[in-house]
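A quick write-up on the structure given underneath.
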Amino acid sequence: MATSPIHDPDTIAGTPIVSGLPMPEFRRITVEPISGACGCEIGGVDLRQPLDEEVLAEIMLAFEQFLVIVFRDQDLTSDQHKAFSRHFGELTELPQAPTYKGDTMMQEVRREAHEPENVVPSFEHFHTDSPFLPRPPKCIVMRALEVPQWGGDTAFSNAYLVYEHLSDGMKKLLDGLEVVYSGKEIWSRNEKLPPEKRLRLRETHGFSEDQLESIHPAVRVHPRTGRKALFATSAYFQHFVGWSEEESRALLGYLQSLAQHLHYHCRVKWKRNTLLVWDNRFTLHRGVHDFKYERRHLIRTTVIGERPVSQWEFGK
Ligand SMILES: [Fe+2]
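Set out below in structure tokens:
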């Protein structure tokens, strides 16, 4: 079982750590960390052009380390956006997220200037997208078409760091837990809300009922490195397997509070044509709706991930 270098005293001694790991060397791209916890800005890349192997390998290295990678001034067509996204894996549609211009492989996050915050799902809580799917998204590739002059950032919380800072006792408890996630109820719950309080959801989709509910490990590991991260979060959460709902909510409330700590965060300020890729397996995210009377319009692709791997399955 691989351990995170953050717990390896030889790695820590004298080596600056960023995102929980020593800073890698980059030769073909520039990489500027956004905070000590996660996120970096990458320069020297035009995503409209084909990327050579070395540049692509460095982008993937930055993605693995920083979990959130930001490119500025990327004026892409939808086809270019999708072509870049496919470097991360196969694209998927989502049952609940509204599509962009009828393209099922692109989604949009849109709040018009006159609309309240609640039209955008889960705007007020850190969450991971679609954990109810059997293979929840690996990453989201999102680009800004129109953003407020001030505010409307997206914040991220590094779920590796949340796990790595737990006590051994709590890690042991969580290591043995599984979570039931379900997306079956979101449409019926939304219907019951008054129209002005409803989320903007996709109206029809081709997903089966079975695909809208899954059991996943509460601690998942990176399929290549074995690094462990917390994967228990409130959106779509039902309960821990074998636990009552009351017991589950008490523990979940504590875990969700940990993700709020500023020292796990980075925050990205959008500009028009900012393109961002976030790892949806090992970070939580939330839009910050601290703006009013301005439009915010982001478009995105979703890359399908692996079935979440528990530490017990890793390396088998
Ligand atoms: Fe989201």
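Sequential numbering of the sequence shown, starting at 3, is according to our numbering. We treat Cβ as the ideally placed atom computed from N, Cα and C, and that holds for glycine. Just so it is clear, the structure is predicted and the values come from calculations on it, not from any experiment.
DSSP, reduced to helix, strand and coil, places TYR295 outside both helices and strands of the structure shown, so it counts as coil.
In this structure, ASP155 has its beta carbon at no less than 6 Å from each heavy atom of ligand 1. Not one heavy atom of ligand 1 lies closer than 6 Å to the C-beta of ASP105.
Looking at the backbone, the Cα of LYS103 and that of GLU166 are separated by about 41 Å. With respect to THR94, ILE306 sits close: the two C-beta atoms are nearer than 7 Å. Listed as beta-bridge partners of ILE217 by DSSP are VAL182.
TYR165 has no beta-bridge partner at all, per DSSP.
The Cβ-Cβ distance between THR227 and SER87 does not fall below 7 Å. Following the DSSP letters along the chain, one finds GLU148 inside the beta strand (DSSP E) bounded by residues 139-148. If you compare the alpha carbons of ARG137, ASP170, SER21, LEU175 with that of VAL70, the shortest gap goes to SER21. Unbroken beta strand (DSSP E) stretches of 3 residues or longer found wholly inside the segment 47-92: 70-73, given in chain order.
For the pair ALA39 and GLU296, the CB atoms are not nearer than the 7 Å cut-off.
In the structure shown, GLU110 adopts extended strand secondary structure according to DSSP, grouped into three states. In this chain, the beta strand (DSSP E) harbouring TRP280 covers 277-281. Here LEU277 is not near GLN51, since their CB atoms are 7 Å or more apart.
Three or more Cβ pairs closer than 8 Å define a contact, and the segment 230-244 meets that threshold against the segment 172-180. Beta-bridge annotation (DSSP): CYS40 is not paired with any residue.
If you check the CB distance, ARG298 and ARG145 do not come in under 7 Å. Distances taken from the Cβ of ASP281 to the heavy atoms of ligand 1 include none shorter than 6 Å. Counting C-beta atoms within 10 angstroms of its own C-beta, LEU257 has 16 or more neighbours from the protein chains shown and is therefore classed as buried.
Distances from the alpha-carbon of LEU264 to those of SER37, ARG274, TRP314 put SER37 closest.
Per DSSP, LEU254 has no beta bridge partner at all.
Look at the beta carbons and you see the segment 125-142 touching the segment 222-238: at least three pairs across the two are nearer than 8 Å. For VAL47, the CB contacts under 8 Å within the same chain, skipping 5 residues up- and downstream, are ILE31, LEU53, VAL57, ILE61, PHE73 in chain order. The nearest non-hydrogen atom of ligand 1 is 6 Å or more from the C-beta of ASP77. With a 10 Å radius around the Cβ and a threshold of 16 neighbouring Cβ atoms, LEU195 comes out exposed.
In this structure CYS141 touches ASP281 by the C-beta definition: roughly 5 Å separates them, less than 8 Å. In this structure, DSSP gives PRO225 a state outside helix and strand, which the three-state scheme calls coil.
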